[in-house]
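From first to last, the protein sequence lines stand for chains L and V. Under my numbering, the first residue of the first sequence is numbered 7, with each subsequent residue one higher. Under my numbering, the first residue of the second sequence is numbered 7, with each subsequent residue one higher.
Number of protein chains: 2
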Amino acid sequence: MSDYTNSTLMIYNSLSGKKEEFKPIQTPNVGMYVCGPTVYSNVHLGNCRTFLSFDNVVRYLKFIGYNVRYVRNITDAGHLVDDAEEGEDKISKKARLEKLEPMEIVQKYTLDFHHVLRLFNALPPNIEPTATGHIIEQIEMVKQIIHNGFAYEVNGSVYFDVKKYNEKGYNYGELSGRNIDDLIAGSRALDGQSEKKNPQDFALWKKASPAHIMRWSSPWGEGFPGWHLECSAMGTKYLGEQFDIHGGGMDLKFPHHECEIAQGKACNGIEPVNYWMHANMLTLNGKKMSKSTGNTLLPHELFSGENNILGKAYSPMVVRFFMLQAHYRSILDFSAEALNAAEKGFHKLMNAKKIINQLQYKKGTVSESENNRINQLIQDCYTNMNDDFNTPKTMAVLFEMVNKINKLNTSDNMDISEEVFSKMKTTFNGFIEDVFGLQSEEQADDSIVKGVLNLLIELRTEAKNNKNYALSDKIRDELNTLGVQLKDSKEGTTFSIN
Amino acid sequence: MSDYTNSTLMIYNSLSGKKEEFKPIQTPNVGMYVCGPTVYSNVHLGNCRTFLSFDNVVRYLKFIGYNVRYVRNITDAGHLVDDAEEGEDKISKKARLEKLEPMEIVQKYTLDFHHVLRLFNALPPNIEPTATGHIIEQIEMVKQIIHNGFAYEVNGSVYFDVKKYNEKGYNYGELSGRNIDDLIAGSRALDGQSEKKNPQDFALWKKASPAHIMRWSSPWGEGFPGWHLECSAMGTKYLGEQFDIHGGGMDLKFPHHECEIAQGKACNGIEPVNYWMHANMLTLNGKKMSKSTGNTLLPHELFSGENNILGKAYSPMVVRFFMLQAHYRSILDFSAEALNAAEKGFHKLMNAKKIINQLQYKKGTVSESENNRINQLIQDCYTNMNDDFNTPKTMAVLFEMVNKINKLNTSDNMDISEEVFSKMKTTFNGFIEDVFGLQSEEQADDSIVKGVLNLLIELRTEAKNNKNYALSDKIRDELNTLGVQLKDSKEGTTFSIN
Numbered sequence: 007m008s009d010y011t012n013s014t015l016m017i018y019n020s021l022s023g024k025k026e027e028f029k030p031i032q033t034p035n036v037g038m039y040v041c042g043p044t045v046y047s048n049v050h051l052g053n054c055r056t057f058l059s060f061d062n063v064v065r066y067l068k069f070i071g072y073n074v075r076y077v078r079n080i081t082d083a084g085h086l087v088d089d090a091e092e093g094e095d096k097i098s099k100k101a102r103l104e105k106l107e108p109m110e111i112v113q114k115y116t117l118d119f120h121h122v123l124r125l126f127n128a129l130p131p132n133i134e135p136t137a138t139g140h141i142i143e144q145i146e147m148v149k150q151i152i153h154n155g156f157a158y159e160v161n162g163s164v165y166f167d168v169k170k171y172n173e174k175g176y177n178y179g180e181l182s183g184r185n186i187d188d189l190i191a192g193s194r195a196l197d198g199q200s201e202k203k204n205p206q207d208f209a210l211w212k213k214a215s216p217a218h219i220m221r222w223s224s225p226w227g228e229g230f231p232g233w234h235l236e237c238s239a240m241g242t243k244y245l246g247e248q249f250d251i252h253g254g255g256m257d258l259k260f261p262h263h264e265c266e267i268a269q270g271k272a273c274n275g276i277e278p279v280n281y282w283m284h285a286n287m288l289t290l291n292g293k294k295m296s297k298s299t300g301n302t303l304l305p306h307e308l309f310s311g312e313n314n315i316l317g318k319a320y321s322p323m324v325v326r327f328f329m330l331q332a333h334y335r336s337i338l339d340f341s342a343e344a345l346n347a348a349e350k351g352f353h354k355l356m357n358a359k360k361i362i363n364q365l366q367y368k369k370g371t372v373s374e375s376e377n378n379r380i381n382q383l384i385q386d387c388y389t390n391m392n393d394d395f396n397t398p399k400t401m402a403v404l405f406e407m408v409n410k411i412n413k414l415n416t417s418d419n420m421d422i423s424e425e426v427f428s429k430m431k432t433t434f435n436g437f438i439e440d441v442f443g444l445q446s447e448e449q450a451d452d453s454i455v456k457g458v459l460n461l462l463i464e465l466r467t468e469a470k471n472n473k474n475y476a477l478s479d480k481i482r483d484e485l486n487t488l489g490v491q492l493k494d495s496k497e498g499t500t501f502s503i504n
Numbered sequence: 007m008s009d010y011t012n013s014t015l016m017i018y019n020s021l022s023g024k025k026e027e028f029k030p031i032q033t034p035n036v037g038m039y040v041c042g043p044t045v046y047s048n049v050h051l052g053n054c055r056t057f058l059s060f061d062n063v064v065r066y067l068k069f070i071g072y073n074v075r076y077v078r079n080i081t082d083a084g085h086l087v088d089d090a091e092e093g094e095d096k097i098s099k100k101a102r103l104e105k106l107e108p109m110e111i112v113q114k115y116t117l118d119f120h121h122v123l124r125l126f127n128a129l130p131p132n133i134e135p136t137a138t139g140h141i142i143e144q145i146e147m148v149k150q151i152i153h154n155g156f157a158y159e160v161n162g163s164v165y166f167d168v169k170k171y172n173e174k175g176y177n178y179g180e181l182s183g184r185n186i187d188d189l190i191a192g193s194r195a196l197d198g199q200s201e202k203k204n205p206q207d208f209a210l211w212k213k214a215s216p217a218h219i220m221r222w223s224s225p226w227g228e229g230f231p232g233w234h235l236e237c238s239a240m241g242t243k244y245l246g247e248q249f250d251i252h253g254g255g256m257d258l259k260f261p262h263h264e265c266e267i268a269q270g271k272a273c274n275g276i277e278p279v280n281y282w283m284h285a286n287m288l289t290l291n292g293k294k295m296s297k298s299t300g301n302t303l304l305p306h307e308l309f310s311g312e313n314n315i316l317g318k319a320y321s322p323m324v325v326r327f328f329m330l331q332a333h334y335r336s337i338l339d340f341s342a343e344a345l346n347a348a349e350k351g352f353h354k355l356m357n358a359k360k361i362i363n364q365l366q367y368k369k370g371t372v373s374e375s376e377n378n379r380i381n382q383l384i385q386d387c388y389t390n391m392n393d394d395f396n397t398p399k400t401m402a403v404l405f406e407m408v409n410k411i412n413k414l415n416t417s418d419n420m421d422i423s424e425e426v427f428s429k430m431k432t433t434f435n436g437f438i439e440d441v442f443g444l445q446s447e448e449q450a451d452d453s454i455v456k457g458v459l460n461l462l463i464e465l466r467t468e469a470k471n472n473k474n475y476a477l478s479d480k481i482r483d484e485l486n487t488l489g490v491q492l493k494d495s496k497e498g499t500t501f502s503i504n
């Protein structure tokens with residue numbers, strides 16, 4: 007691991023409710039699973055925040071020397087409307103509405119998802135398994151859970167027996183903090199409509215009604231897997247019966263992740279995940295995002311400015327920077343004010359990055375205390391990230407470096423040693439690019455175009471002032487041929503590009 | 007369908023060896039399946055040619071009004087080394103060599119494949135199914151083929167019985183033109199090593215050896231599907247037991263597509279595909295591409311110019327244009343000479359496109375014969391594409407339009423009617439953008455940068471000639487600040503951008 011990681015990486019484990027020292031099962035390898043999107047609609051910003059939070063986790067683990075196998079799935083079957091136990095499959099329903107084959111829906115929204123995450127510069131996972139691609143593995147898991155006595159079949163469906171699971175000493179509810187025994191004791195008698203023994207039981211396999219499009223043959227007849235099962239099956243297949251980190255949005259804690267723990271234990275008799283991590287949600291202008299109230303924003307509406315909520319466009323990099331300013335476990339509120347501030351901050355940060363990469367070391371009188379201060383800042387980047395990936399605190403440290411860089415830039419000589427200068431540069435670049443995934447958003451050419459055009463406008467104004475109209479007309483005409491229009495006004499000359 | 011499609015779309019059917027009128031099973035819907043890549047290495051140029059050929063087919067079908075469901079698979083299991091019946095799975099072997107989980111290999115090269123096809127502006131398929139995602143469907147198909155008496159199980163593997171298939175009146179060999187009965191009669195006695203009844207038999211399901219990583223449970227024990235089976239299973243699932251068009255590279259005709267026909271007929275008793283299309287191969291400097299002789303080129307080597315074969319970079323759009331200049335059933339040879347010519351041609355074409363989109367109709371004396379000539383060109387675009395997607399002939403027609411456009415541009419008035427002018431514009435744009443998928447490759451800014459910089463260099467040279475060194479130095483210094491270096495030499499001044 008890195009020189010500066012004298013502090014220990016601590017991760018807040020949702021299961022214990024505490025920050026715990028991170029000890030991978032097989033250092034330096036880390037197995038990490040993140041619940042991916044259900045691809046039945048365009049990915050929304052809340053999802054993006056979750057995926058970017060875990061992108062930072064993966065990036066930091068790699069940065070400090072871990073070899074991460076990062077698995078993030080695509081849910082392309084089995085996720086029922088309203089996350090309920092009954093009802094239509096989300097993808098099938100959308101297929102019916104859009105009159106497409108379910109897998110056309112899957113393809114359409116998987117492409118959208120990948121496109122948006124590429125814009126955000128998120129690293130692709132090492133493996134991106136799909137639920138439909140692992141039906142056999144899910145069936146095998148159901149068979150094992152039945153064999154171990156924790157599930158029962160009714161009319162072609164298989165349910166997990168929560169009561170039995172708790173009777174055997176396990177604790178369904180341990181992750182979400184719900185006391186399921188109380189719930190079971192207090193629940194109303196079943197109305198006879200349900201096949202389940204208890205309302206808390208959840209489906210491992212559902213019988214397909216004649217109208218259900220997505221269906222596979224199984225030992226219990228034609229059906230489809232329960233939503234919670236895919237992550238257990240794919241996590242086990244690619245990371246083992248027990249692995250290091252499982253991440254997802256806060257809303258997946260119950261029932262999805264609670265069920266995953268139960269399935270893992272019931273199938274393999276072992277704690278499936280050592281560190282459970284949950285990313286908090288996004289609000290928009292202080293309110294929960296919601297399609298029904300119109301208080302919602304899709305990534306492309308944010309990037310294009312075509313929305314009534316924020317009124318202008320923000321680049322994916324500004325949005326990524328903005329998200330880093332909140333800790334992943336805190337609620338983050340999107341507002342025009344906050345994003346405008348982030349836009350300024352982002353440009354300030356990237357400008358300092360440009361400066362330090364062009365700056366030559368200038369020998370001066372080295373101040374030991376200043377050397378120590380910079381060394382401390384360097385170490386603080388790691389210390390803050392080691393504190394449960396505290397990106398806002400790390401960002402604050404980077405901004406202290408920004409001040410130092412701007413000062414060094416205007417000084418005739420430097421008060422830190424060449425070694426410390428070089429270390430600061432490496433750390434500053436590394437945290438911005440590798441850990442935070444921030445890229446310069448300006449096309450190099452774009453700033454050149456502006457600069458060069460402004461120079462030409464200046465030369466033309468001079469020519470006009472000198473009554474050299476041949477030259478001033480020549481500049482205007484030649485720019486015109488290139489598709490650049492000059493516009494003279496009282497305030498001066500501006501340009502527009504066709 | 008379109009106004010101009012008076013001619014009928016004819017498709018060369020590899021199965022009949024003739025051009026046949028295209029009659030979809032359910033107009034205006036077209037079901038089309040194209041064999042996708044085996045994702046165990048970076049996609050090579052020959053594959054790209056195949057995928058771009060079928061991209062043009064899909065684009066043209068859509069252009070003339072068909073509603074295409076385009077399925078292109080990802081082979082992520084079952085394709086054995088050397089396309090043989092024995093040996094290691096291509097992906098597993100690569101996984102072993104790169105010390106990765108097979109599905110990490112799949113992800114790595116699927117991302118590369120998607121990236122390259124995006125650069126080429128290929129449309130994504132409507133459904134992109136994977137072999138591992140359809141194990142159950144493949145098992146069901148094997149069961150049905152066994153049930154129908156065309157396959158047999160030996161030691162946990164299942165083979166297709168080619169002899170039995172031919173005895174029942176079918177004709178294994180009909181696509182590739184091989185006489186299998188002769189082959190069977192003439193083949194040497196089996197050496198006892200093989201489980202197959204006849205050497206021509208092919209695997210539907212293979213027993214997994216203990217070392218084989220990719221394995222699934224089946225009625226015949228743990229194993230994996232035969233390579234040919236996935237396309238039959240996925241084609242049937244998403245397009246039906248019989249569909250319109252099946253495409254692939256010429257090298258897949260035998261055994262892959264021959265086996266697909268046999269599997270389809272043996273399983274469903276029906277001709278699985280109505281039109282078989284095969285794209286021809288690429289050569290490089292007149293010779294077959296081959297890794298062992300070094301006569302090979304990857305897309306990124308072509309785009310970056312980092313290769314010893316062609317010596318310079320060609321943009322994806324120039325390469326796409328180049329490929330359009332050969333018919334998909336002809337061999338296409340890559341050479342620096344041919345690509346340089348294509349580069350010029352591409353720019354000439356796109357320049358005319360820019361011109362016609364900026365050109366206003368200028369009233370003049372309309373010549374009826376000129377009107378007729380342009381109308382004929384418009385119709386010829388369709389006629390040529392209707393002739394088995396003859397892209398080079400269509401391109402030649404577009405270049406006749408280029409000449410006309412350039413002439414109209416310099417004339418004071420136009421000799422064609424406004425209606426014909428407008429139709430030509432629509433057709434010209436439509437074929438370039440929608441049918442041929444060609445995009446302007448120059449970033450608007452890029453050409454502006456070049457133009458504006460050259461203008462500044464000119465002004466600086468004039469200033470120097472007039473001994474106005476204050477101005478010439480100012481231009482140099484201000485450009486320097488923008489990261490643009492000027493370099494003076496005997497031949498004049500050039501610039502480089504940092």
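Using N, Cα and C, we set each Cβ at its ideal position, and we do this for glycine too. Keep in mind it's a predicted model, so treat the numbers as computed, not measured.
Excluding sequence positions up to five away, which residues of its chain have a Cβ less than 6 Å from the Cβ of Q449 of chain L?
-> The predicted model places Q449 of chain L with a pLDDT of 49, which falls under 50 and marks its position as unreliable; any figure quoted below should be read in that light. Cβ neighbours of Q449 of chain L beyond the five flanking positions: none.
In terms of DSSP beta bridges, what is F340 of chain L paired with?
-> L:L290
Nearest-angstrom Cα distance between D207 of chain L and P225 of chain L?
-> 20 Å
So, F309 of chain L versus F327 of chain L, is the Cβ gap smaller than 7 Å?
-> no
Cα separation between V455 of chain V and L461 of chain V?
-> 10 Å
If you measure from the beta carbon of V455 of chain L to each beta carbon in chain V, is any gap under 7 Å?
-> yes
Taking Cβ to Cβ, would you say K583 of chain L is nearer than 7 Å to Y165 of chain L?
-> With chain L covering 7 to 504 only, the question about residue 583 of chain L has no answer from this structure.
Grab the span of the beta strand (DSSP E) containing W282 of chain L for me, first residue to last.
-> V279 to A285
In chain order, what residues of the same chain lie with their CB nearer than 7 Å to the CB of L129 of chain L, ignoring the 5 residues before and after it?
-> D61, V64 and R65
Residues sharing a beta bridge with R75 of chain V, DSSP | V:G37
Keeping to the same chain, check which residues put their C-beta closer than 8 Å to that of Y176 of chain V; ignore five residues upstream and five downstream.
-> A268, K271 and A272
Please decide whether W233 of chain V counts as near chain L, where near means a Cβ-Cβ distance under 7 Å.
-> no
Given that N132 of chain V touches chain L, what residues does it touch there, using C-beta distances under 7 Å?
-> E110 and Q113
Chain V residues whose Cβ lies nearer than 9 Å to that of P216 of chain L = Here the premise fails: no neighbours, minimum Cβ distance about 18 Å.
In terms of residue numbering, what span does the alpha helix (DSSP H) encompassing W233 of chain L cover?
-> W233 to L245
Please name the residues in the segment 136-157 of chain L whose beta-carbon is closer than 9 Å to at least one beta-carbon of chain V, in chain order.
-> T136, T138, G139, H140, I141, I142, E143, I145 and E146
Out of L:L245, L:R335 and L:N314, point me to the one whose CA is closest to M287 of chain L's CA.
-> L:R335
Would you call A348 of chain V buried or exposed, if buried means 16 or more other Cβ atoms sit within 10 Å of its Cβ?
-> buried
Can you find a C-beta in chain L that's less than 7 Å from the C-beta of V458 of chain V?
-> yes
A157 of chain V bridges to which residues according to DSSP?
-> V:F166
Which full runs of the beta strand (DSSP E) of 3+ residues lie inside the segment 399-449 of chain V, going along the chain?
-> none
Inter-residue CB distance, G37 of chain L and G246 of chain L (contact presumed, cutoff 8 Å) | 7 Å
Give a yes or no on whether 7 Å exceeds the smallest Cβ distance from E27 of chain L to chain V.
-> no
Per DSSP, which one or two residues make a beta bridge with N301 of chain V?
-> V:S296
For N185 of chain L, does the count of other Cβ atoms within 10 angstroms reach 16, so buried, or fall short, so exposed?
-> exposed
Could you work out which residue in V:L51, V:T138, V:E146 and V:V45 is closest to K99 of chain V when comparing CA atoms only?
-> V:V45
Cβ of E236 of chain L less than 7 Å from any chain V Cβ?
-> no
Please decide whether E484 of chain L counts as near chain V, where near means a Cβ-Cβ distance under 7 Å.
-> yes
Backbone secondary structure at D207 of chain L - three-state DSSP = coil
State yes or no: is the C-beta of N79 of chain L within less than 7 Å of the C-beta of M240 of chain L?
-> yes
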